[in-house]
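Trainee:
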Amino acid sequence: MSKGRHDRDGENLWRLNKKWNGIVEPDEDEMTTHAALREIAAREELQRNPDSYKCISMLQGISLERGDYDEARECRMGRLPAVPVVTIVIPTYNNLALTTQCLKSIRDTTSGIPFEIICVDNASSDGTVEFLKREESLNKLVLVSNGQNLGFAKACNQGAKLA
143 MSKGRHDRDG
153 ENLWRLNKKW
163 NGIVEPDEDE
173 MTTHAALREI
183 AAREELQRNP
193 DSYKCISMLQ
203 GISLERGDYD
213 EARECRMGRL
223 PAVPVVTIVI
233 PTYNNLALTT
243 QCLKSIRDTT
253 SGIPFEIICV
263 DNASSDGTVE
273 FLKREESLNK
283 LVLVSNGQNL
293 GFAKACNQGA
303 KLA
């Protein structure tokens, strides 16, 4: 019987873990990730059922775990802060027509979903950054304006850090 393609997967995975153990650190611990997922689920349920005491109580508990006592008090009083469930990061560079079309499409198709838009402009010179500054002044988006073109990946990472 010939060796299969995946016969050494376990050994290879063990070697990979051994090599990278202690080098790669997760962004957050498992408890923080679990709390974030619980918060997202509770906020999504509140969109469907605004009077859900269970969800309000869960959000209050998560706020306390995080040490955000002001938000916990607001939850207890029934005044939940509107937090976006989705962050949309849009890197831009010299394409005003496509940028306006993209923003219009997002706004036309996302009714009922709390979201935020973060645009990261890579030194556009065609009026894109001026348009985005006007949109930001109307509280329609958050703008990061780079003085030079940092590239797609860096622009995406900049936006993700603000989310």
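Following my numbering, the numbering of the sequence shown begins with 143 at its first residue and continues without gaps. Here a beta-carbon is modelled for each residue, glycine too, at the ideal position from N, C-alpha and C.
Output yes or no for whether 8 Å exceeds the beta carbon distance between THR229 and ALA177.
Mentor: Position 87 of the sequence shown, counted from the start, is the residue given in the question as residue 229. Position 35 of the sequence shown, counted from the start, is the residue given in the question as residue 177. Against a cut-off of 8 Å, the Cβ pair of ALA177 and THR229 comes out as no contact.
Trainee: Spatial neighbours of GLU207 within its chain, please: C-beta separation below 8 Å, excluding the five flanking residues on both sides.
Mentor: On the sequence shown, position 65 is the one that residue 207 refers to. These residues qualify, in order along the chain: ALA177.
Trainee: Could you pull out every residue in the same chain whose Cβ sits closer than 6 Å to the Cβ of PHE294, ignoring the five residues on either side in sequence?
Mentor: For the purposes of this step, residue 294 is identified with residue 152 of the sequence shown, where counting begins at 1. Result list for PHE294: PRO233, in chain order.
Trainee: I need the DSSP call for SER287, collapsed to helix, strand or coil.
Mentor: In the sequence shown, counting from the first residue as 1, residue 287 sits at position 145. In the structure shown, SER287 sits in a strand (DSSP, three-state: E or B).
Trainee: To the nearest angstrom, how far is it from the Cα of GLY220 to the Cα of LEU179?
Mentor: Indexing the sequence shown from 1 puts residue 220 at position 78. Indexing the sequence shown from 1 puts residue 179 at position 37. Approximately 21 Å between the Cα atoms of the pair.
Trainee: Relative to the C-alpha of CYS261, which candidate in CYS244, THR252, VAL284 and SER247 has its C-alpha closest?
Mentor: For this step, residue 261 is matched to residue 119 along the sequence shown. It is VAL284.
Trainee: Could you give the distance in angstroms between the alpha-carbon of ILE248 and the alpha-carbon of GLU153?
Mentor: Stepping through the sequence shown from its first residue, residue 248 is reached at position 106. Stepping through the sequence shown from its first residue, residue 153 is reached at position 11. Rounded to the nearest angstrom, the two C-alpha atoms are 46 Å apart.
Trainee: Helix, strand or coil: which one does DSSP assign to ILE260?
Mentor: Here residue 260 refers to the residue found at position 118 of the sequence shown. Residue state, collapsed to three classes: strand.
Trainee: Return the bridge partner residues of PRO233 from the DSSP annotation.
Mentor: Within the sequence shown, the letter at position 91 stands for residue 233. According to DSSP, PRO233 bridges with VAL262.
Trainee: Quick one: residues in its chain with C-beta nearer than 8 Å to the C-beta of ILE112, no 5 flanking neighbours on either side, listed in chain order?
Mentor: Nothing can be reported for residue 112, as the shown portion of the chain is limited to 143 through 305.
Trainee: PRO256: which of ASN264, THR175, THR174 and GLU187 sits nearest, CA to CA?
Mentor: Position 114 of the sequence shown, counting from 1, holds the residue named residue 256. Among ASN264, THR175, THR174 and GLU187, the Cα nearest to that of PRO256 belongs to GLU187.
Trainee: Name the DSSP beta bridge partners of VAL228, please?
Mentor: Here residue 228 is taken as the residue at index 86 of the sequence shown, counted from 1. PHE257.
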